[in-house]
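Have a look at the structure below before the remarks.
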Amino acid sequence: MMFGFRDEFEYFECAECGCIQIQEIPENISKYYPDNFYSFKTITSGSKISSIESFLKHQRMKHLIYGNKPIGILLSKVLREIYKTPMPDYYEWLRKLQLPIDSKILDVGCGSGNLLLQMRSDGFTNLTGVDPFIKSDIFYENGVKVLKKYLHEMEGTFDFIMLNHSFEHMPQPLSVLKTLYSLLNKSRYVLIRIPVVSSLAWRKYGVNWVQIDAPRHFFIQTTKSMEILANKAGFKIADIVFDSHAFQFWGSEQIIKNIAMMESTSYAVNPDKSRFSKQQIEYFQSMAKQLNKEKDGDAAVFFYKQ
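When we follow numbering that gives the first Met the number 0, the leftmost residue of the sequence shown carries the number 0, and every step to the right adds one.
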């Protein structure tokens, strides 16, 4: 219930793996991806930042991912205080994979390419995005490019491919994984971040769980279904890291209260006008952190290796 249409859709659950999927994809699916859908928003960055900030970001990335982590943490504090630049989530993924900065990286379903722009500002140099629903190809001044194509239209191979909450929007997950396998250089990784239905949030909220996000989410996987898909596509699961947030709670509570995500009283739009106190949000955050430790959060990162 992101935009408040309040339309209803049927989903069914697989008896074997627990994955839930939409019964029928609506013909007018574009209605649910309006121009103000967050991943399609025009990004005015992509140009140059100050040489000092650029240097600090590159050093932060270098130390956090490849070298002295305490120095990297110190640089993160400096960037946060001076430039209001938080440490990106993707540092933990890249630290795990030890990717060289010149790695050929593809972001699938990236919208306007915000994540790629962040990675470019941190020093990565060979960055491509693909999304069939952007208006046209985008070529940023700093070298980042986002192509208006479907995944199966991509050519060449890549050292690292990532899908950040786009996999659940795709109608044929096994076909997608087989295409990813063909686009990946030997012994490299695909990273897939998705909501997972095998979680406390689904058991607690059921049809009011915010991550169903009907009808945009066609398939909502479980850890078991992702293992089955990996095996069928030729991948091995190298690791699974749970990365859910407080969103699983406040987003679902808003649905129960009939508050759409983009309404003026939504916590996503205006935290001060929402129904949640600072203490409640902090509690939700602590709950999410604990659930991630217990592997029961409602979102996870899957590392697939060829």
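Quick reminder that beta carbons are idealized off the backbone N, C-alpha and C, glycines included.
Residue state for Asn113 is assigned as helix, using DSSP reduced to three classes. When secondary structure is reduced to three states using DSSP, Ala232 falls in the helix class. By the CB criterion at 8 Å, Phe8 and Ile21 fall inside the cutoff.
Arg192 is bridged by DSSP to Asn163, Val300. Here DSSP, grouped into helix, strand and coil, assigns Asp158 to strand. The region 244-254 makes contact with the region 195-215: 3 or more CB pairs, one atom from each, lie closer than 8 Å. In this structure, DSSP gives Gly250 a helical state, which the three-state scheme calls helix. Annotation: the continuous beta strand (DSSP E) that includes Lys103 extends over 103-107. Here Ser265 is buried, its C-beta having at least 16 other C-beta atoms within 10 Å. With 16 or more other Cβ atoms from the protein chains shown falling within 10 Å of its own Cβ, Gly110 counts as buried.
Membership of Ile21 in the beta strand (DSSP E) is indicated by the continuous run 19-21.
Take the alpha-carbon of Gly155 and the one of Phe166: they are about 21 Å apart. Between Tyr89 and Tyr188 the beta-carbon gap is near 13 Å, outside 8 Å, which marks them as no contact.
About 4 Å separates the beta carbon of Phe241 from that of Gly296, a gap short enough to meet the 8 Å contact definition.
Counting every other CB atom within 10 Å of its CB across the protein chains shown gives Gln253 a total of 16 or more, marking it as buried. Counted as a single uninterrupted DSSP element, the beta strand (DSSP E) harbouring Thr127 occupies residues 125-129. Take the alpha-carbon of Phe157 and the one of Val300: they are about 19 Å apart. Close CB contacts of Ser273 within its chain, under the 7 Å cut and outside five residues either way in sequence, are with Thr264, Ser265, Tyr266 (chain order). Cβ neighbours of Ile227 within its own chain (closer than 7 Å, five residues either side excluded): Cys16.
The continuous alpha helix (DSSP H) containing Lys288 extends over residues 277-292. The beta carbon of Ile160 is closer than 7 Å to those of Leu105, Val107, Leu179, Leu182, Leu183, Val189 in its chain, skipping five residues each way along the sequence. In the three-state reduction of the DSSP assignment, Ile219 falls in the strand class, which pools E and B.
Within a 10 Å sphere around the beta-carbon of Leu173 sit fewer than 16 other beta-carbons, which makes this residue exposed. Excluding five sequence positions before and after Asp101, the CB atoms of its chain that fall closer than 7 Å to its own CB belong to Thr124, Asn125, given in chain order. When secondary structure is reduced to three states using DSSP, Ser265 falls in the coil class, being assigned neither helix nor strand.
The criterion of a C-beta distance shorter than 8 Å is not satisfied by Ser276 and Tyr204. Under the DSSP assignment, Glu9 falls outside any alpha helix (DSSP H); it carries neither an H nor an E label. Look at Ile255 here: in three-state DSSP terms it is helix.
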